[in-house]
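Engineer: Supplied in structure tokens, the structure appears directly below.
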Amino acid sequence: MSVDDSFEPGVTQTGPKGQLAHPITLEHSKRLEKKLYKVGNNAWSLIGNGLSNQSFVEGPEGLICIDTGESNQEMAAALKEVRKETQAPVVACIYTHFHYVGGTQTLLDENKNLAIWGHDGIQANLDRFGGEVAPRVTRGLAHQFATSMPQEGADGIVNLGLGNFFRNPEHAPFTNGYIPPKHTFVEPTKAKIAGLKVEFFPAPSDATDSITIWFPDLKLAINNLLWPVLFNVFAIRGEEYRDPRIMMKGLDHLAELEAENLIGAHGPPFSGAEEIKKIIINYRDTLQFLWDQTVRCANKGLTLNEAISTIKLPAHFQDHYTTQQLYGVVEHHVRQIYSGLFGWFDEDEANLFPVPSPERSVRFIKGFGGIEKVRAIIDSSLQEEDFRWAIELSSWLVRSNLNAQGIADAGEPEDRKRLAAALRGVAYSTSAANIRNWCITRALELDESLNLSRFRKHRFNKRELARRTPIDSLKLLRVLLIPEKAEAYEQTLQFNFSDDENIFYSIRNSVAVIDKNSKGSLSLSLSSDTWYDILSMKTTLSEAEEEALAEMNNSEEVRKFFSCFDLESLNS
């Protein structure tokens, strides 16, 4: 069964810092160690400096930098490495996609006339990640990228699959230096940069704005399609559907280029046209296999749980690390493909109208003979290393009661430790970095070694708010509306921003909307700077009023309006 490949109890080994992990996960870390690769005669790729690579191509007129990492410090470290090979002036920067654009200011400091190229969708993707879904996104990042895990010991970080760390600790304080691209495109585009012919091809992968960069005279391709791991159709941190069919088109095109050298956004480069083409085709075919077999199972009427026990990658894909489960696992990719094609309902009657939590867990526990009986089964399962069953049963005990925040995530400390033990059993025996990191992070929270409550509420960042307009901030506020408080309540508040336009914001039908057709009887007058201070919890509405930074025409009614929103600074 494919589920047997997700983790393998009994194979755990100890890493150099005492980490407990699958042996090929430990081995993969060596592949991701810091090294500047010379690629052909005119290019270099630095891996291991951060989560992504920083790559460089030298042309007659200077140096082109591809991707700038997570921070100015990361990019500065990369420049220092490449300066050991060339002193060519930096003349251009190209983004492969929006994930690694945080160090560009470092390049701009060297060349104020820096040409920056990238897909037109980069800014929209950056805005999306800092918008309405920010708490869920940041919580997912914390779990997947091990940002709260220890550096050593059994639970210590091993790697992140694509790199050895999310942010290299040597690069603190991680100053963001993103500069928007000046030259953008959405279609295949040709240009001459640094005296070299360059071709850009949109090639969506884990980001809709991903591109393949082709230097025809150098026979060099740079891409974000082929990773040093099996491609992550499903990202455990939470992401939109990544359609394998779109990826396959990009990989087909990449193979057709017949590159003699291939650089990726992650992992070591490859050289040799024949070897590169073979690796690309194998990579592409894993995606077709997963898509085809998921559809085959769905067409036959198999439920998702049946499908994941049926679909297994053929053994020959284990021959090369790029098609090994070093990041995510096949059974999760199958679930994502099914959901992306058909939605959440898999024709399993039990999923049509399930009993909601925590009542569902309570009934299961009762049906199994009570709490002590369930505990005994869990303990036996842990002893037998049946971690899948232990996780399921332990989760009933943990999720059978509501916590102080109204979430079904309470349970007795001993039961939370049982669930933590089961999750660690998976973490220590899976080859997939994402799964190891998620399971350990959750286990640390369960046994109270870690507090992640800050990731379960909106935390507005003033700098990010100031980069947008006041109307954008009100669009974000709508997801904090508490429907029970807004039921049968209709009101419009006029925001009078001293340094921006006036905005009418309405609560109606238990939603909050920008309402250009309404005239409010309530008004709030303040600067956008004060408003951003309130949203980012630097001050409160009451404090702003007391300091004459905010004026309300009807304080009581304006406060009633804001009481419908789940943000403490608006209600104190």
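In our numbering, the protein residues as written are 1 to 572. Using N, Cα and C, we set each Cβ at its ideal position, and we do this for glycine too.
Counting C-beta neighbours from all protein chains within 10 Å, is the total for L32 16 or more, i.e. buried, or is it exposed?
Structural biologist: Taking the first residue of the sequence shown as 1, we reach residue 32 at position 32. Buried.
Engineer: Which runs of the beta strand (DSSP E) spanning at least 3 residues fall entirely within the stretch 79 to 152, listed in chain order?
Structural biologist: List check, beta strand (DSSP E) in window: 90 to 94 and 115 to 119.
Engineer: Roughly how many whole angstroms lie between the Cα atoms of F98 and D209?
Structural biologist: Locating residue 98 in the sequence shown gives position 98, counting from the first residue. Locating residue 209 in the sequence shown gives position 209, counting from the first residue. Looking at the two C-alpha atoms, the distance is approximately 7 Å.
Engineer: For Q336, which option in G238, F234 and A259 has the closest C-alpha, if you only look at C-alpha atoms?
Structural biologist: If you number the sequence shown from 1, residue 336 lands on position 336. The candidate whose alpha carbon is nearest that of Q336 is F234.
Engineer: My output table needs one value for S569: the three-state DSSP class, helix, strand or coil.
Structural biologist: Translated into positions along the sequence shown, residue 569 becomes position 569. Residue state, collapsed to three classes: helix.
Engineer: P358: buried (16+ other C-beta within 10 angstroms of its C-beta) or exposed?
Structural biologist: One-based indexing of the sequence shown puts residue 358 at position 358. So P358 ends up on the buried side.
Engineer: Quick one: what's M552 bridged to in DSSP?
Structural biologist: Position 552 of the sequence shown holds residue 552. M552 pairs with L524.
Engineer: Determine contact between the stretch 451 to 465 and the stretch 23 to 38, defined as no fewer than three beta-carbon pairs at a distance below 8 Å.
Structural biologist: Judged by Cβ distances under 8 Å, the stretch 451 to 465 makes no contact with the stretch 23 to 38, as fewer than three pairs qualify.
Engineer: Going along the chain, which residues of its own chain have a beta-carbon closer than 6 Å to the beta-carbon of D109, five neighbours each way excluded?
Structural biologist: Against the sequence shown, residue 109 aligns to sequence position 109. If we look at D109 and ignore the five residues flanking it on each side, it has no Cβ neighbours.
Engineer: What does DSSP give as the partner residues of N496 in its beta bridges?
Structural biologist: For the purposes of this step, residue 496 is identified with residue 496 of the sequence shown, where counting begins at 1. Answer is S525, bridged to N496.
Engineer: Thinking just about the alpha-carbon of each residue, which of M149, N42 and I94 is nearest to the one in L450?
Structural biologist: Numbered from its first residue, the sequence shown carries residue 450 at position 450. The candidate whose alpha carbon is nearest that of L450 is M149.
Engineer: Quick one: give me the first and last residue of the alpha helix (DSSP H) that E58 is part of.
Structural biologist: Within the sequence shown, the letter at position 58 stands for residue 58. Segment Q54 to G59 is the beta strand (DSSP E) holding E58; no alpha helix (DSSP H) there.
Engineer: Secondary structure at T14, three-state DSSP: helix, strand or coil?
Structural biologist: On the sequence shown, residue 14 is found 14 positions in, with the first residue counted as 1. It is a strand residue.
Engineer: Determine the closest residue to L26 out of I377, G156, L251 and S361, with distance taken between C-alpha atoms.
Structural biologist: Along the sequence shown, one-based indexing puts residue 26 at 26. Looking at the Cα atoms, G156 is the closest of the given residues.
Engineer: Tell me whether E187 is buried or exposed, calling it buried when 16 or more other Cβ atoms sit within 10 Å of its Cβ.
Structural biologist: Taking the sequence shown and counting its residues from 1, the one referred to as residue 187 is at position 187. Exposed is the call here.
Engineer: With distances taken Cα to Cα, identify the nearest neighbour of G264 among V11, Q293, A298 and L220.
Structural biologist: For the purposes of this step, residue 264 is taken as the residue at position 264 of the sequence shown. Of the listed residues, the one whose Cα sits closest to G264 is L220.
Engineer: In chain order, what are the residue ranges of uninterrupted beta strand (DSSP E) at least 3 long that sit wholly in the stretch 174 to 198?
Structural biologist: Correct list: 183 to 185 and 189 to 193.
Engineer: Given this structure, state the Cα-to-Cα distance separating N164 from G343, to the nearest angstrom.
Structural biologist: Position 164 of the sequence shown holds residue 164. Position 343 of the sequence shown holds residue 343. Taking the straight line joining both Cα atoms gives about 34 Å.
Engineer: Could you check which residue in E372, A307 and G328 has the C-alpha nearest to that of D348?
Structural biologist: Here the question's residue 348 lines up with position 348 in the sequence shown. The shortest C-alpha separation from D348 is found at A307.
Engineer: Counting only the same chain and skipping the five closest in sequence on each side, list residues whose C-beta sits under 8 Å from that of N496.
Structural biologist: Along the sequence shown, one-based indexing puts residue 496 at 496. Cβ neighbours of N496 beyond the five flanking positions: N502, S523, L524, S525 and L526.
Engineer: Considering only DSSP beta bridges, list what C65 is partnered with.
Structural biologist: The residue given as residue 65 occupies position 65 in the sequence shown. Bridge partners of C65: F56 and C93.
Engineer: Please list, in chain order, all residues of the same chain as M1 whose beta carbon is under 6 Å from its beta carbon, the five residues on each side excluded.
Structural biologist: Mapped onto the sequence shown, residue 1 falls at position 1. With a pLDDT of only 40 at M1, under the threshold of 50, the placement of this residue in the model should not be trusted; the figure read from the coordinates follows. Answer for M1: S309, listed in chain order.
Engineer: Report back the beta-carbon spacing between S518 and S536 to the nearest angstrom; my notes put them in contact at under 8 Å.
Structural biologist: In the sequence shown, the residue the question calls residue 518 occupies position 518. In the sequence shown, the residue the question calls residue 536 occupies position 536. With 8 Å as the limit, S518 and S536 do not qualify as a contact, their Cβ atoms being about 27 Å apart.
Engineer: Indicate the three-state DSSP secondary structure (helix, strand or coil) for K219 in the structure shown.
Structural biologist: Looking up residue 219 in the sequence shown gives position 219. If DSSP states are grouped into helix, strand and coil, K219 belongs with coil.
Engineer: So N437 is in the beta strand (DSSP E); what residue range does that whole segment cover?
Structural biologist: As a working mapping, residue 437 is identified with position 437 in the sequence shown. From DSSP, N437 is part of no beta strand (DSSP E) but of the alpha helix (DSSP H) over A433 to L446.
Engineer: Any chance you could list the alpha helix (DSSP H) runs of at least 4 consecutive residues sitting entirely within the stretch 377 to 429, in chain order?
Structural biologist: Here the runs fully enclosed are 387 to 398 and 413 to 427.
Engineer: Using a 10 Å radius around the Cβ and a threshold of 16 neighbouring Cβ atoms, would you call K17 buried or exposed?
Structural biologist: Taking the first residue of the sequence shown as 1, we reach residue 17 at position 17. It is exposed - the Cβ of K17 has fewer than 16 other Cβ atoms within 10 Å.
Engineer: Using the Cβ count rule (16 or more neighbours within 10 Å means buried), how would you classify I47?
Structural biologist: By 1-based counting over the sequence shown, the position of residue 47 is 47. Flag for I47 reads buried.
Engineer: Do three or more CB pairs link the stretch 224 to 232 to the stretch 133 to 140 at distances below 8 Å?
Structural biologist: Touching, no, given that fewer than three Cβ pairs across the two stretches are closer than 8 Å.
Engineer: Using a Cβ distance threshold of 8 Å, determine whether the stretch 281 to 289 contacts the stretch 317 to 330, with at least three qualifying pairs required.
Structural biologist: As far as the Cβ criterion goes, the stretch 281 to 289 touches the stretch 317 to 330, which means the pair count is three or higher.
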